[in-house]
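**Q** Going line by line, the protein sequences match chains A and B.
FYI, the numbering for the first sequence is 1 to 295, going by this note's numbering.
FYI, the numbering for the second sequence is 1001 to 1295, going by this note's numbering.
Protein chains: 2
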Amino acid sequence: MTDEETGTLKWGVERRLEFIEFRLFWEGGVNRADIIGLFGVSVPQASKDLTLYQERAPGNAVYDKRAKRYVAGDGFAPVFLKPDPAAYLSRLRSLSEGLTEPGESWISDPPAVDIAVTPRRRVESDTLRAVLDAIRDSRSIEVHYQSMSRDRAAPTWRRMTPHALGYDGFRWHARAFCHVEGRFKDFLLPRILGERAPGDPGATGADDRQWNETFDVVIGPHPDLTISQKEVVAKDFGMRDGKAVLRVRYAMLFYVLKRLGLLEDATKLSPRSQHIVDLNRPTTLAALERADFKL
Amino acid sequence: MTDEETGTLKWGVERRLEFIEFRLFWEGGVNRADIIGLFGVSVPQASKDLTLYQERAPGNAVYDKRAKRYVAGDGFAPVFLKPDPAAYLSRLRSLSEGLTEPGESWISDPPAVDIAVTPRRRVESDTLRAVLDAIRDSRSIEVHYQSMSRDRAAPTWRRMTPHALGYDGFRWHARAFCHVEGRFKDFLLPRILGERAPGDPGATGADDRQWNETFDVVIGPHPDLTISQKEVVAKDFGMRDGKAVLRVRYAMLFYVLKRLGLLEDATKLSPRSQHIVDLNRPTTLAALERADFKL
DNA sequence: TATGTCCATATACTTTGTATACCCATCAGC
DNA sequence: GCTGATGGGTATACAAAGTATATGGACATA
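(1) Which residue from B/ASP1109, B/PRO1201, B/LEU1188 puts its Cα closest to that of B/HIS1355?
(2) Where does the unbroken alpha helix (DSSP H) through B/ASP1049 begin, and where does it stop?
(3) Relative to the C-alpha of B/LEU1089, which candidate in A/ASP168, A/ALA287, A/ALA244, A/GLU213 has its C-alpha closest?
(4) Apply the 10 Å Cβ neighbour rule to B/LYS1268 and answer buried if 16 or more other Cβ atoms are within range, or exposed otherwise.
(5) Which residue's Cα is closest to the Cα of A/ARG290: A/LEU50, A/SER228, A/GLN210, A/ALA176?
(6) By the 10 Å Cβ neighbour count, where 16 or more other Cβ atoms means buried, how is A/SER140 classified, buried or exposed?
(7) Over what stretch of residues does the beta strand (DSSP E) that includes B/GLY1166 continue unbroken?
(8) Find out if the Cβ-Cβ distance for the pair A/PRO162, A/LEU193 is shorter than 8 Å.
(9) Cβ closer than 8 Å: which chain B residues qualify as neighbours of A/GLN45?
(10) Figure out for me which residue from B/TYR1053, B/ARG1091, B/LEU1038 has the closest Cα to the Cα of B/LEU1009.
(11) Could you tell me how far apart the beta carbons of A/ALA234 and B/SER1228 are, in whole angstroms, since I believe they sit closer than 8 Å?
(12) Return helix, strand or coil for B/SER1105, following the three-state DSSP convention.
(13) Could you run through the region 80-106 of chain A and flag, in chain order, every residue whose CB is less than 9 Å away from some CB of chain B?
(14) Relative to chain A, which residues along the region 1210-1227 of chain B have a C-beta separation below 7 Å, given in chain order?
(15) Counting along the chain, where does the beta strand (DSSP E) carrying A/GLU142 start and finish?
(16) With contact counted as at least three CB pairs below 8 Å, one residue from each stretch, are the region 1104-1120 of chain B and the region 129-140 of chain A in contact?
(17) Looking at the secondary structure, which residues open and close the alpha helix (DSSP H) in which A/ALA321 lies?
(18) Please name the residue, chosen from B/GLN1274, B/ALA1164, B/ARG1015, B/SER1096, that lies closest to B/GLY1220 on a Cα-to-Cα basis.
(19) Cα-Cα, which of B/ALA1072, B/GLY1040, B/GLY1261, B/LEU1285 is closest to B/TYR1028?
(20) Expressed to the nearest angstrom, what Euclidean distance is found between the alpha-carbon atoms of A/ARG56 and A/ARG69?
(21) Just to confirm, are A/LEU99 and B/ALA1086 a CB contact at a threshold of 8 Å?
(22) Can you give me the start and stop residues for the beta strand (DSSP E) that B/GLY1220 sits inside?
(23) Using only CA atoms, which one of B/LEU1263, B/GLY1261, B/ASP1216 lies nearest to B/LYS1243?
(24) Does DSSP classify B/VAL1277 as helix, strand or coil?
(25) Looking at the C-beta of A/HIS144, does it have a partner C-beta in chain B at a distance below 8 Å?
(26) Along the chain, where does the beta strand (DSSP E) containing A/VAL79 start, and where does it finish?
(27) Under the assumption that B/ARG1191 contacts B/GLN1146 (Cβ atoms under 8 Å), give the Cβ distance between them as a whole number of angstroms.
(28) Quick check: the Cα distance between A/LEU246 and A/VAL218, rounded to an integer number of angstroms?
(29) To which residues of the same chain is B/LEU1017 closer than 6 Å at the C-beta, ignoring the five residues directly before and after it?
(30) Taking A/ARG32 as the reference, which of A/SER42, A/GLY59, A/ASP265 has the closest Cα?
(31) Which first and last residues belong to the beta strand (DSSP E) in which B/GLU1195 is found?
(32) Work out the CA separation of B/ARG1015 and A/ASN212 for me, nearest whole Å.
(33) Please work out which residues of its chain come closer than 7 Å, Cβ to Cβ, to A/GLY59, disregarding the five sequence neighbours upstream and downstream, and give them in chain order.
(34) Where A/LEU285 and B/ALA1206 are concerned, what is the direct C-alpha to C-alpha distance, given to the nearest angstrom?
(35) I'd like the span of the beta strand (DSSP E) that includes B/LEU1188, first residue to last.
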């Protein structure tokens, strides 16, 4: 049986058809020139691709003679990708932050975008590789770590056994067993200044209770909002009966609360900027205590 | 001149070599089976690719007979990609959040990851498309918008002319001229429940002063930190002489301040969770006022 | 009307990739 | 120490995908 009969396409061809569909859906149209520019194929090949796309997805692409390009047809139904707004916006963010090459992202003329970024120390390639290696092989490494302890200014070498990565919304950290203190801790990747000496592990991820056990944060709309405002906030956060439950690892609890603005007593903050409150604050504070974060 | 002489590679081949390099660098090794699995090529072709990679990047790949796969050589020097830890972590995040297909991301066995996410109402495909179209074509649309005004509970149809997108760290919004109020505003994409009736624009992006003009936020370490802690924070944020300047659009000022924890008086917050303060708070408050955010 | 642009298609040719077969080295298990 | 399983390399004949080049058509603009 040939490829043509089975409908199977070569990887490269499928990527191009996917690209055509992406452009039709999100960018309002596609050109032979677009295909040529991105994939470096010849003019006739780009024509063939467009023809093939029309065979595989009838009605999706119609030629707009005025604009001299294909635009999405009325009853557009994606065949090669499941269009996900979150995925598109994620691409747009990567592109805007310079993490993706313009060609790679498939977005031709991105809209004007601004992102509330905050400048942060960067992570070194070697650091990330060393941590990933240690996690993969279940081994320990020594890291030259710049901690935030009250008086120790200079970075020190400490052995640790990482088993996971965490992201708090700003920075990445390694979740690791600290051989010096004999307990699990977070090591911020940007504060690791060097790494050396892979060795035997001190503990496994299964031993990390704070990582493996979760706590339920219960949130609700800020009490000072009007009834209609509360309804909007409830929809924003997918609340039912005025509340929503977030299941969070103890090891991530501090970060989630900080991100949600719930570390302090949110009822005392202006509802204009703080839309939600913690409906179970005493329990949460106890959980934070258990998670080793003393405020 | 042939391709072989110029060193030019077909798009598909180059992707595969890039993939080989990616795996060598970040994932500790690569296999024929990996290439076959991801790109659907035949066994001999995968062999050829590995051979070709070794020709193009001598010494980067060495065969580990024990592990039966290629691993990165000692003097590994990337040829097909510039390894960027931020890009890798961004991929990892997309993968963990389910925004990327496992195959597409090139990360074979991702480490355990947790991300401090917060549940949010989703954006509709049609909404995003309509807004992107309007931005691209400089047109207006009517949106069925659920606003947060104090008493208006029901969503209303309002005409607006979007010219940019903004991301506050949590949600995306359209920066747009509001035809009802006759001024530029932010429309949260998840609160747009419907869209219709493209029409003439009400104003252009160039008219949006709050978007086009910027304000400098000056930050410094929290005064209650010890000297050594301040040094760490200074390095974290790239401060010089105890301060750093962030240039921010007025239209984004509120979001940036919220993200940095600087909406309230940060000196009154615990330095344990709030590491930085606004060194110019009165000016910032005036700027917020100018940005139309009345706290 | 002339010109430029963009799409489509045809032909002859090159490159890339497949299917199949066979060989080699290493390792785990008997 | 043999044996089979696994993973890599390579050769040959063939299929497919893609290129270069040329030609023609539709449409917008000057």
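Idealized CB from N, CA, C, for every residue including glycine.
Note that the structure is a prediction, hence the values are computed from the model and not measured.
**A** To lay it out plainly:
(1) Outside the displayed span of chain B (1001 to 1295) sits residue 1355 of chain B, for which this structure offers no information.
(2) The residue you call residue 1049 of chain B lines up with position 49 of the second sequence. Run containing B/ASP1049: 1043-1056, per the alpha helix (DSSP H) assignment.
(3) Mapped onto the second sequence, residue 1089 of chain B falls at position 89. Nearest C-alpha to B/LEU1089: A/ASP168.
(4) Along the second sequence, read from residue 1 onward, the residue named residue 1268 of chain B stands at position 268. The residue in question, B/LYS1268, is exposed, as its Cβ has fewer than 16 Cβ neighbours within 10 Å.
(5) As a first step, residue 290 of chain A must be located in the first sequence, where it is residue number 290. Among A/LEU50, A/SER228, A/GLN210, A/ALA176, the Cα nearest to that of A/ARG290 belongs to A/GLN210.
(6) On the first sequence, position 140 is the one that residue 140 of chain A refers to. A/SER140 is buried by the Cβ-count criterion.
(7) Locating residue 1166 of chain B in the second sequence gives position 166, where the first residue counts as 1. Looking at the DSSP string, the run of the beta strand (DSSP E) that includes B/GLY1166 is 1156-1167.
(8) Taking the first sequence and counting its residues from 1, one reaches residue 162 of chain A at position 162. Taking the first sequence and counting its residues from 1, one reaches residue 193 of chain A at position 193. No, the Cβ-Cβ distance between A/PRO162 and A/LEU193 is not below 8 Å.
(9) As a first step, residue 45 of chain A must be located in the first sequence, where it is residue number 45. Correct list: empty, because the minimum Cβ distance to chain B is about 11 Å.
(10) The sequence position of residue 1009 of chain B within the second sequence is 9, counting from 1. Measuring from the Cα of B/LEU1009, the nearest candidate turns out to be B/TYR1053.
(11) What you label residue 234 of chain A is simply residue 234 of the first sequence in a count that begins at 1. What you label residue 1228 of chain B is simply residue 228 of the second sequence in a count that begins at 1. In fact, because the Cβ distance is near 45 Å, the residues do not count as touching under 8 Å.
(12) For the purposes of this step, residue 1105 of chain B is identified with residue 105 of the second sequence, where counting begins at 1. Residue state, collapsed to three classes: coil.
(13) PRO83, ASP84, PRO85, ALA86, ALA87, TYR88, LEU89, SER90, ARG91, LEU92, ARG93, SER94, SER96, GLU97, GLY98, LEU99, THR100
(14) THR1226
(15) As a working note, residue 142 of chain A is residue 142 in the first sequence. Start and end: 140-145.
(16) yes
(17) Nothing about residue 321 of chain A can be reported from this structure: the residues present for chain A run from 1 to 295 only.
(18) Residue 1220 of chain B sits at position 220 when you count from the first residue of the second sequence. With distances taken between Cα atoms, B/GLY1220 lies closest to B/GLN1274.
(19) Indexing the second sequence from 1 puts residue 1028 of chain B at position 28. Per the sequence shown, the amino acid found at residue 1028 of chain B is Gly instead of Tyr. When only C-alpha atoms are compared, the closest one is B/ALA1072.
(20) Taking the first sequence and counting its residues from 1, the one referred to as residue 56 of chain A is at position 56. Taking the first sequence and counting its residues from 1, the one referred to as residue 69 of chain A is at position 69. Rounded to the nearest angstrom, the two C-alpha atoms are 18 Å apart.
(21) Taking the first sequence and counting its residues from 1, the one referred to as residue 99 of chain A is at position 99. Taking the second sequence and counting its residues from 1, the one referred to as residue 1086 of chain B is at position 86. Their beta carbons are under 8 Å apart, which means A/LEU99 touches B/ALA1086 by this criterion.
(22) Stepping through the second sequence from its first residue, residue 1220 of chain B is reached at position 220. 1214-1221 is the extent of the beta strand (DSSP E) around B/GLY1220.
(23) Along the second sequence, read from residue 1 onward, the residue named residue 1243 of chain B stands at position 243. Cα-wise, what sits closest to B/LYS1243 is B/ASP1216.
(24) The residue labelled residue 1277 of chain B in the question sits at position 277 within the second sequence. If DSSP states are grouped into helix, strand and coil, B/VAL1277 belongs with the strands.
(25) Against the first sequence, residue 144 of chain A aligns to sequence position 144. False, the Cβ-Cβ gap to chain B never drops below 8 Å.
(26) Position 79 of the first sequence, counted from the start, is the residue given in the question as residue 79 of chain A. Counting along the chain, A/VAL79 falls outside any beta strand (DSSP E), and DSSP gives it neither H nor E.
(27) Here residue 1191 of chain B is taken as the residue at index 191 of the second sequence, counted from 1. Here residue 1146 of chain B is taken as the residue at index 146 of the second sequence, counted from 1. Right, the Cβ-Cβ distance comes to about 4 Å (below 8 Å), so this counts as a contact.
(28) Numbered from 1 along the first sequence, position 246 holds the residue referred to as residue 246 of chain A. Numbered from 1 along the first sequence, position 218 holds the residue referred to as residue 218 of chain A. Answer to the nearest angstrom: the Cα atoms are 6 Å apart.
(29) As a working mapping, residue 1017 of chain B is identified with position 17 in the second sequence. Excluding residues within five positions, the ones whose Cβ falls inside 6 Å are TYR1053, PHE1080.
(30) In the first sequence, the residue the question calls residue 32 of chain A occupies position 32. Nearest of A/SER42, A/GLY59, A/ASP265 to A/ARG32, Cα basis: A/SER42.
(31) In the second sequence, the residue the question calls residue 1195 of chain B occupies position 195. First-last of the beta strand (DSSP E) with B/GLU1195: 1192-1199.
(32) For the purposes of this step, residue 212 of chain A is taken as residue 212 along the first sequence, with counting starting at 1. For the purposes of this step, residue 1015 of chain B is taken as residue 15 along the second sequence, with counting starting at 1. Cα-Cα distance, rounded: 38 Å.
(33) As a first step, residue 59 of chain A is located in the first sequence; it is residue number 59 there, counting from the start. So the qualifying residues of the chain are GLY73, GLY75.
(34) To locate residue 285 of chain A, count along the first sequence from 1; it is residue 285. To locate residue 1206 of chain B, count along the second sequence from 1; it is residue 206. Their backbone Cα atoms lie some 48 Å apart in a straight line.
(35) As a first step, residue 1188 of chain B is located in the second sequence; it is residue number 188 there, counting from the start. 1183-1188 is the extent of the beta strand (DSSP E) around B/LEU1188.
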